[in-house]
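Heads up, the sequence shown is in the numbering used here, so the first residue is 14 and it goes up one at a time. For glycine and all other residues, C-beta sits at the position ideal for the given N, C-alpha and C. Everything numeric in this text was worked out from a predicted model, so none of it was measured. For reference, the structure discussed in these notes is given below.
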Amino acid sequence: MSNVLVTGGAGYIGSHACKALRAAGYTPVTYDSLVTGWRDAVKFGPFEKGDLLDRARLETVFAQYEPVAVVHFAALSLVGECMQDPGLYWRNNVAGSLNLIEAAVASGCMNFVFSSTCATYGDQDNVVLDENSPQQPINAYGASKRAIEDMLRDFEVAHGLRHVIFRYFNVAGADPEGEVGEFHRPETHLVPLMLDALDGKREALAIFGTDYDTPDGTCIRDYVHVCDLVDAHILGLKWLQDGKDSRVFNLGTGDGFSVLEVLEQSHAVTNRAVPYTEGPRRAGDCTKLVSGSQRAVKELGWNPQRSTMKQMITDAWRWHQSGHYED
Ligand code: UDP
């Protein structure tokens, strides 16, 4: 079985990707610092603890496993945090990715699948965003991801490193079999926080801003089921292994949900109303991020079947009530 190096394989999306890679016949080798990931989430292949900033360690891992590709998830990804400490984001995400990319090229591993983000587009006046929309990030997280995209293009020109870039919209849901799920410490994401508020683990959800230029005043996001999202990575990997050109794909459904709409849907799924308060805006948040493209569907053959809000909340709720990793 071919090895695939998965950075961030102990995290939320990375652990689901490892499961999908395993099911597709690859051996996922997780490289993770465990700063935000969980050892318990590494269930589908070998684990190598390490930091992206540790170049020597990366080179050892490439030499040991000779991966056919890298799938690069490891990153800091919190809008609130990046506004407080942008240096953390430039160092970890950008300098860390440079180490990884250089180590991949040095070892002859020339297929690279990269997790980018719709945050690279920034706030664009309520338009839907396709892959050709200008990239004007309004926070350091988005800026760091845009820089890595540029880096990949430069390394392709100079060294032939081929890549697929996925710009994620918001990811939710969990493995329906309950082996892995979403678990952050501290938690900052809407869906798990909302579920915490639903079952009394927290008093109420604070809505970050009700005065945005949207129909109900709360921010709008495009949510994708984590299982659909990772399926696209398998297709992206095959795309590269088939020798196709480097490509950027949005991963979103094209449907936008406001924060209040997500709360309503969760009431419908769980039969419990989410207690919430109306708080101030969170710095760095865009008004609306909705994918306007079908490129992944048309070109990759991506078929996101679980990405209805109802299904995402159902799967997240099941995980929330049963599975957790050890702190
Ligand atoms: N959000 C909120 N309260 C929270 C966490 C998030 O109102 O406690 C909102 C946030 O402003 C954004 C949406 O929920 O509009 C999704 O935020 P999340 O942090 O889950 O993902 P992001 O969009 O930052 O990637």
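Assigned secondary structure, His238 (DSSP; H/G/I helix, E/B strand, else coil): strand
If you compare alpha carbons, which of Leu273, Ala245 and Ala329 is closest to Val84? Ala245
Grab me the residues of Asn112's own chain with a C-beta within less than 8 Å of its C-beta, minus the 5 sequence neighbours each way, in chain order. Leu65, Leu66, Asp67, Arg68 and Leu71
Proximal residues to Leu208 (C-beta, below 7 Å), its chain only, five neighbours per side dropped: Ala329, Trp330 and His333
Short Cβ contact (8 Å threshold) for Asp235 with Asn152: no
Cβ-heavy atom distance between Cys95 and the ligand UDP below 7 Å? no
Span separating the alpha-carbon of Glu169 from that of His176: 8 Å
Suppose you measure from the CA of Asp229 to the CA of Gly135; what does that come to, to the nearest Å? 21 Å
For the alpha helix (DSSP H) that contains Arg331, what are its first and last residues? Met322 to Ser335
Below 8 Å between beta carbons: does that hold for Thr130 and Arg180? yes
Could you tell me which of Thr49, Tyr39 and Phe221 sits nearest to Ile26, measuring between CA atoms? Thr49
Following the continuous beta strand (DSSP E) through Arg104, name the residue where it begins and the one where it ends. Run containing Arg104: none; DSSP gives neither H nor E here.
With a Cβ-Cβ cutoff of 8 Å, do Ala132 and Gly155 count as a contact? yes
Shortest alpha-carbon distance to Gly22 belongs to which of Ala87, Asn145 and Glu79? Ala87
Inter-residue spacing [alpha-carbon to alpha-carbon] between Val275 and Met322: 8 Å
According to DSSP, simplified to helix, strand and coil, what is Phe57? coil
May I ask whether a heavy atom of the ligand UDP can be found less than 7 Å away from the beta carbon of Ala36? no
Where Arg285 falls: helix, strand or coil (DSSP): coil
Which listed residue (Val126, Arg285, Lys301 and Ser304) has its alpha carbon closest to that of Ile326: Arg285
Using the three-state DSSP reduction, which class does Gly155 fall into: helix, strand or coil? helix
Quickly, what does DSSP pair Ser128 with across the bridge? List them, please. Phe179
As a quick check of your reading: which residues have a C-beta less than 6 Å from at least one non-hydrogen atom of the ligand UDP, in chain order? Val92, Asn183, Thr201, His202, Leu203, Leu206, Leu218, Ala219, Ile220, Phe221, Cys232, Arg234, Val272, Arg295 and Asp298
Give every residue of the same chain whose Cβ lies closer than 8 Å to the Cβ of Lys56, excluding the five residues on either side of it in the sequence, and list them in chain order. Ser28, Cys31, Lys32, Glu192 and Val193
If you measure between the beta carbons of Thr283 and Leu174, is that distance less than 8 Å? no
Just to confirm, is the Cβ distance from Gln318 to Asp241 under 8 Å? yes
Excluding five sequence neighbours on each side, which residues of the same chain lie with their C-beta closer than 7 Å to the C-beta of Val261? Glu144, Ile178 and Arg180
Rounded to whole angstroms, what is the Cα-Cα separation between Thr40 and Gly58? 6 Å
The beta strand (DSSP E) spanning Ala82 covers which residue range? Ala82 to His85
Between Ser320, Ala296 and Ser304, which has its C-alpha nearest Gly93's C-alpha? Ala296
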